[in-house]
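In the numbering used here, each number is its position in the sequence shown, counted from 1, plus 104.
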Amino acid sequence: MDDNKRRDDGMAQRRKVLGNEWVDKSIKNRNAFNTDFQDLITRYAWGDIWTRPHFDHRTRRVLVIGTMVALGQWDEFRLHVRAALAEGGFTPDDIKEILLQQAIYCGVPAANHAVKEANAIIAELGLLKS
């Protein structure tokens, strides 16, 4: 696959996973410093990895959310939780189950913070039940 095809496929995946609003905002914020990085992740993360046929998008989303908890990467965690809920067909219960699993494997402090972050997103999206 050439770089142009990889970039096009990656952009299509990026939009499918994160939504047009997020991707459009990201493109709008490109500048001389970050453009090469944006191109890199579009071609490789989205064009090479997210287009692979072995795992479906749901599985990849679970892996990414869990990995972000393990690494404590809260900006990416919030991005992918929001996208899973808004674009990926996930429910708050799906997110809760991921976080309960991660509490065992990543530790309660990481999961505790993840629950706080996810709760705020769920509330913001109007999905929080009493």
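All C-beta atoms, glycine included, are put in the ideal place defined by N, C-alpha and C. Because the structure is a prediction, the values reported are computed rather than measured.
In the three-state reduction of the DSSP assignment, W150 falls in the helix class.
Counting C-beta pairs with one atom in each stretch, the segment 215–222 and the segment 188–203 have three or more that are closer than 8 Å, which means they touch.
Selection I169, D112, V127, D143 evaluated against R182 yields I169 as nearest (Cα-Cα). Non-local beta-carbon contacts of E191 in its own chain, meaning distances under 8 Å to residues more than five positions away in sequence, involve K120, V121, L122, G123 in chain order. By the CB criterion at 8 Å, L203 and I226 fall outside the cutoff.
The segment 107–121 makes contact with the segment 146–154; the number of CB pairs closer than 8 Å reaches 3 or more. In this structure, DSSP gives L183 a helical state, which the three-state scheme calls helix. If you ignore the 5 residues before and after A218, its C-beta comes within less than 6 Å of the C-beta of V173, L203, all in its own chain and listed in chain order. Within the same chain, and ignoring the five residues on either side of G193 in sequence, the residues whose Cβ sits closer than 8 Å to its Cβ are R162. If you draw a 10 Å sphere on the C-beta of V185, you find 16 or more other C-beta atoms in it, and that means buried. Secondary structure of K233 (DSSP, three-state): coil.
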